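K.L.:
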Amino acid sequence: MYLAEIAALSAAALWALGSILATSAVREIGSITFNRLRMVIVFVMLAMYVTWAGLWGGVQQEHIWPLVLSAFVGIVFGDTALYVTVRRLGPRRAAVLFATNAPLAVFLTWFLFNEVLGFYELLGTIILIFGVMLAIVFGKRKDQMHNWEKIQGRLIVGVCWGLAAAVGQALGSIIVKPALEAGADPVVSSAIRVGISAASLTIICALPMAAVKPTGPLTRKNVALTAASGIIGMGFGMTALMIALANGDVGVVSSLASTTPVILLPFLWIKTGECPAPGAWFGAALVAFGTALIFVF
2 MYLAEIAALS AAALWALGSI LATSAVREIG SITFNRLRMV IVFVMLAMYV
52 TWAGLWGGVQ QEHIWPLVLS AFVGIVFGDT ALYVTVRRLG PRRAAVLFAT
102 NAPLAVFLTW FLFNEVLGFY ELLGTIILIF GVMLAIVFGK RKDQMHNWEK
152 IQGRLIVGVC WGLAAAVGQA LGSIIVKPAL EAGADPVVSS AIRVGISAAS
202 LTIICALPMA AVKPTGPLTR KNVALTAASG IIGMGFGMTA LMIALANGDV
252 GVVSSLASTT PVILLPFLWI KTGECPAPGA WFGAALVAFG TALIFVF
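At position 119 of the sequence shown (counting the first as 1) the number is 120 in the numbering used here, and the numbers step up by one without a gap.
1) Give the DSSP-derived three-state secondary structure of A183 in the structure shown.
2) Since A285 contacts L266 with CB under 8 Å, what's their CB separation in whole angstroms?
3) Would a C-beta distance cut-off of 8 Å place V85 and W162 closer than the cut-off?
4) Answer with buried or exposed for E29, where buried requires no fewer than 16 other C-beta atoms within 10 angstroms of its C-beta.
5) With a CB to CB cut of under 7 Å and the five nearest residues on each side skipped, what residues in its chain are close to V77?
6) If distances are taken between C-alpha atoms only, which option among G159, N102 and V224 comes closest to S259?
7) Is the Cβ-Cβ distance between S20 and A96 less than 8 Å?
8) Counting beta carbon pairs with one atom in the stretch 42-51 and one in the stretch 222-237, are three or more of them shorter than 8 Å?
9) Could you give the DSSP three-state label for A54: helix, strand or coil?
10) Would you mind reading off the limits of the alpha helix (DSSP H) that contains P209?
11) What do you get for Q153, buried or exposed, if any count of 16 or more other CB atoms within 10 angstroms of its CB means buried?
12) Can you tell me which of the three DSSP states I152 falls into?
13) Tell me which same chain residues have a C-beta within less than 6 Å of the C-beta of A23, skipping the five on either side of it?
14) Comparing C-alpha positions only, which one of P215, G280 and F296 sits nearest to K143?
15) Is the CB-CB distance between G169 and G79 below 8 Å?
16) How would you call T220, buried or exposed, if buried means at least 16 neighbouring beta carbons within 10 angstroms?
17) Which class does Q145 belong to by DSSP, given the choice of helix, strand or coil?
18) Let me know if H64 comes out buried or exposed under the rule of 16 or more other beta-carbons within 10 Å of its beta-carbon.
19) Return yes when the Cβ of G249 is within less than 8 Å of the Cβ of A100, no when it is not.
20) Please classify N148 as buried or exposed, where buried requires at least 16 other C-beta atoms within 10 Å of its C-beta.
21) Return the residue from the list I244, P215, V288 and F296 that minimises the CA-CA distance to I128.
22) Tell me, to the nearest whole angstrom, how far the beta carbon of R39 is from that of T227; I am working on the premise that it is less than 8 Å.
23) Between the C-alpha atoms of T273 and S255, what's the straight-line distance to the nearest angstrom?
24) What first and last residue would you give for the alpha helix (DSSP H) that runs through P277?
25) Is the stretch 116-131 touching the stretch 166-184, taking contact as three or more C-beta pairs under 8 Å?
26) Assuming contact is defined by CB atoms lying nearer than 8 Å, are I295 and G125 in contact in what I supplied?
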């Protein structure tokens, strides 16, 4: 009874909590270092489970290349861009920008495969974009002084990184979708994608470039926050989403799972002690509503 709906909302809440846990570590050790450490930890967790469950045979040889490509696009590039956004704009703005991956996926599907866009998809896209703009421009009161609401660098640069993260997520989903529809096991697919990403990011971090080096010390606290973020957000969050998709309508599940920007706000209120501005609440609600229009109708 309502298992799919509860699981989808749980996924959204777990992603929001994972974002809260990630923010301090991202800002201290850097986006690339954080993403690499997170992927390594999550891969170990997924690999242990897949080995214990004997699931490695759930992916065929023809599925490998789509998984490899989606890992580079969706995780190595997309997730790293997301954490650059978190570092520059904070978790609230990053969440609403990342939510644009839904209309971007619809647009890219139309552009690449000539699929017809319906009225509600266009309307949902417009509402979602308006919600993102509202949450970013009017989402902060003057008396909000917490560090997570401060913008590091130029706003437009952070917005571009957030949109780049959304594009990476949308493209990664489109690339991996045929393999999953052809019968590739989703848990094994996730383990392979995360493993490829962890190896790639490890190689990138070994390059003699200051931009890919840690910006702060890898303290026990930072490692613990990174591990908790990965296990809660990718481990438990993605598992909850899979349970929801297996037991409910895709449109309803996708819509409920898109409420992360809204669910994130109470967590931020508790963490920072500052109530988010009305623009943040209304903008996040519009983002969730716009996503619902895209997927349900």
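For each residue, glycine too, the CB sits at the ideal point set by N, CA and C.
For clarity, every value in this text was computed on a predicted model and none was experimentally measured.
P.N.:
Answer, in terms of the structure:
1) coil
2) 6 Å
3) yes
4) buried
5) S198, S201 and L202
6) N102
7) yes
8) yes
9) helix
10) Here P209 belongs to no alpha helix (DSSP H), and DSSP marks it neither H nor E.
11) exposed
12) coil
13) S230
14) G280
15) yes
16) exposed
17) coil
18) buried
19) no
20) exposed
21) V288
22) 5 Å
23) 29 Å
24) Run containing P277: none; DSSP gives neither H nor E here.
25) no
26) yes
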